[in-house]
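J.: Can you read through this structure? Questions will come right after.
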Amino acid sequence: MTQLDDAGQTTHNNTQLAQTNSTTLDDPSLNTLSDEDIGTIDWDAPESRGGSGGYTPQVYPGIHNFLFALEDKDPFETREYTTKDGTQVKDFTVNHKGTVSYTNAEGEQKESTIRFNQVGFHRSPKMIAKIMNSRGGELLRTLGINLGNNVNKAAVEQALREADGRTMGRGVVNWEAYCKDCKQVVSTNANTKRGDARWPKGTDGKYVTDVICPKCGAALNGRERITDYKLPQV
């Protein structure tokens, strides 16, 4: 896996950027418009995309190694909700990032940080009967963390803080987009029983990067998500 840029390199780059911009900021003649001017328009620019940011997924769906890191804000929380059978649940939850190394279309090695992955530790009786772990449990296993019978909030938090930015895991990456107006999810891992729509593929059988809402036709911004976790390879 390629090395992440260190803080020193980031500071150096920011300094260069500030120096480059200073020429324009210090020369009023370059920033002043006449009363008749309103700016410029590039008539040949690509069509703008809907949503915010115009982000296109970079990491193709599949199993990838990732560098684990906790989210900077609120990495741990307790979510409260009611299950379909009426059970009140307090679900200890971890919010984390995963940095994945990939090769782009030009053959260049790149890195992408997949954010806002959320895993809970609640196991229903049905999951226990089927020997199914919670997503939180699977996250610990992919990071090689075994707490034995000492599975409590304090122990999990300490173990994940120690793994933060240091430990590799393996996970399944999928693409997901959401239309707020139609409340429609489009996903490469679609739960059709829940109403999700399948992410479209091109004539070559591969997922297309641009996606629209199947209900209203609006262009959507997709993003990567780590939807499952795999045991570490020995």
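Reading the sequence shown from the start, the letters are residues -13 to 220 in the working numbering.
The beta carbon of each residue, even a glycine, is placed where N, CA and C say it ideally should be.
Bear in mind that the values here come from a model prediction, so they are computed numbers and not experimental data.
#1: Could you give the uninterrupted runs of the alpha helix (DSSP H) lying entirely in the segment 131 to 201, keeping only those of 4 residues or more?
#2: I need the DSSP call for D93, collapsed to helix, strand or coil.
#3: Which residues in the same chain as V158 place their Cβ atom closer than 6 Å to its Cβ, once the five residues preceding and following it in sequence are excluded?
#4: Can the beta-carbon of Q44 be found less than 8 Å from the beta-carbon of K83?
#5: Does the contact criterion of 3 or more C-beta pairs under 8 Å hold for the segment 46 to 61 versus the segment 146 to 155?
#6: Quick check on the DSSP output: the beta strand (DSSP E) that includes G48 runs from which residue to which?
#7: Report yes if the CB atom of V194 is closer than 8 Å to the CB atom of G203, and no otherwise.
#8: Identify whether G128 lies in helix, strand or coil by the three-state DSSP scheme.
#9: Just how far apart, CA to CA, sit Y88 and G191?
#10: Work out the CA separation of R209 and T99 for me, nearest whole Å.
#11: Run the CB neighbour count on A163, radius 10 Å, all protein chains shown included, and call it buried at 16 or more, exposed below.
#12: Just tell me which of L125, V86 and W161 has its CA closest to the CA of L206.
#13: Taking the C-alpha atoms as reference points, what is the distance between T126 and E94?
#14: Between D167 and the rest of its own chain, which residues show a CB-CB distance below 8 Å, the 5 nearest in sequence each way excluded?
#15: Select from G122, K112, T42 and G123 the residue whose C-alpha is nearest the C-alpha of K70.
#16: Based on the DSSP secondary-structure assignment, which residues constitute the bridge partners of H82?
#17: Under 6 Å Cβ to Cβ from G155, same chain only, skipping five residues before and after it: list those, please.
#18: Quick one: what's got a C-beta closer than 6 Å to V137's C-beta in the same chain, skipping five residues either side?
#19: State yes or no: is the beta carbon of K83 nearer than 8 Å to at least one beta carbon in chain C?
#20: Taking just the CA atoms, how far does S110 sit from M118?
T.: Taking the structure as given:
#1: 139 to 149
#2: Before going on, a small fix: residue 93 reads as Gly here, not Asp. In this structure, G93 counts as coil in the three-state DSSP scheme.
#3: I49, T213 and D214
#4: no
#5: yes
#6: G48 to L56
#7: no
#8: The sequence given here has Thr at residue 128, not Gly. Helix at T128.
#9: 20 Å
#10: 11 Å
#11: buried
#12: W161
#13: Note that residue 126 is Leu in the sequence shown, not Thr. When rounded, the distance between both Cα atoms is 31 Å.
#14: C199, C202 and A204
#15: K112
#16: L56 and N103
#17: F52, F54, T128 and L129
#18: none
#19: Any reference to chain C falls outside this structure, which holds one protein chain only.
#20: 9 Å
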